[in-house]
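Down below is the structure, laid out as structure tokens.
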Amino acid sequence: MQQYSTEEMGALTQAVIRHMDEWSISSDEMLAILGLEGDVRSRHLAMYRNGGKVFPQTPEMMDRIDHIVGIADALRTTFPFSSQMRVLWLRKPHRRFQRRTPLAVMLDERDEGLMRVRIEVDCAYGYAINEALHNSQVQKTNKDAA
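Per UniProt numbering, residue 1 is the first one in the sequence shown, and the count goes up by one each step.
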């Protein structure tokens, strides 16, 4: 895992908070998606927002950050002219999520939910995951045959 300086991590923290602010989600929802709901009070998010605190550099947090940034980028690509459509997409029931909203999937399923939502909105990421799974299966089959 790449280690970031405090300044880099501060910029990354603020960018992630900005993305989630654009999604018009509550502080409690933010904390749940970030996996910080037991450690940070919602009123303390202002310290992360203004650069007074940074997210911890754990593998779990870095994975969450990667997915949040990936989702935000994919939503901007899909709806380049409308932030309202980005928010609507997150809050509209989706057939691939059994009529649940992408936001509900992220909140209910945590890390796996973040990945599922990212795969749905970011086709390039979905293809990369699918290809990696396929290659892994081919390698396993070849190993078993040998």
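Glycine included, each C-beta is placed from N, C-alpha and C at the ideal position. Fair warning: this is a prediction, and the values are worked out from it, not measured in the lab.
DSSP-derived helix/strand/coil call for residue i
i, result
"R110", "helix"
"R76", "helix"
"R86", "helix"
"R116", "helix"
"R43", "helix"
Cβ distance (whole Å) where residue i is taken to contact residue j below 8 Å
i, j, result
"F55", "T6", "Not confirmed; about 11 Å, so no contact."
"D122", "I68", "12 Å between Cβ atoms; not a contact."
"L107", "W89", "Not confirmed; about 15 Å, so no contact."
Of the listed residues the options, nearest to residue i (C-alpha basis)
i, options, result
"D66", "K140, Q139, Q2", "Q2"
"A11", "R43, R41, V40, M47", "M47"
"P59", "R96, K53, Y4, R18", "Y4"
C-alpha gap between residue i and residue j, whole angstroms
i, j, result
"V87", "T101", "11 Å"
"R43", "S26", "11 Å"
"M9", "R64", "14 Å"
"T141", "F81", "46 Å"
"I17", "E29", "12 Å"
"V105", "G35", "14 Å"
According to DSSP, residues forming a beta bridge with residue i
i, result
"R95", "Paired residues: none, contrary to the question."
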